[in-house]
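All residue numbers for the sequence shown refer to the UniProt record's numbering, where the first residue is 1 and numbers rise by one. Think of the CB as a built atom: it goes at the ideal place given N, C-alpha and C, for glycine as much as any other residue. Written below as structure tokens is the structure these notes are about.
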Amino acid sequence: MKQSRRIDGTFFATALILFVLIASVFCIKTTIYRERIHDYQEQASYYEARAMAKMALANEIKHKQIFRFNAGTVSRNYLKLTVELNDKKTYQFSVPTRFANFKK
């Protein structure tokens, strides 16, 4: 009779260790996926800002002029484009020399 209780205790301890191990792996994978999603969202915001800057250059944005888009605004200060998205993220891009018209 004592032997069966000992086996039950060993089984319980083994099951508990396996549960903790599986829970740890699940938490680590969840954290990795969450970080990956965050990185993809940051990358999407950057490409959205870059596209807005390119559209502003294609529409010949001038010095101190502001273009408004659905996703945010683009302003130009000499050779610098500043893109501010609606979620308050700000990106700065340099103006290529072929668009560097210094007329005010």
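inquiry  = Among the candidates L85, K89 and K62, whose CA atom is the shortest distance from the CA of Y78?
reply    = For the purposes of this step, residue 78 is taken as the residue at position 78 of the sequence shown. Of the residues L85, K89 and K62, the one whose Cα lies closest to the Cα of Y78 is K62.
ask   = Which runs of the alpha helix (DSSP H), 4 residues or longer, sit entirely within the stretch 32-89?
value = none
Residues that DSSP places opposite V94 in a beta bridge = For the purposes of this step, residue 94 is taken as the residue at position 94 of the sequence shown. In the sequence on display, residue 94 carries Ser and not Val. The beta-bridge partner set that DSSP reports for S94 consists of K80.
inquiry  = Our contact map puts R50 next to F93 with C-beta atoms below 8 Å; I'd like the distance itself, whole angstroms only.
reply    = Taking the first residue of the sequence shown as 1, we reach residue 50 at position 50. Taking the first residue of the sequence shown as 1, we reach residue 93 at position 93. Between F93 and R50 the Cβ distance is about 7 Å, and since that is below 8 Å, they are a contact.
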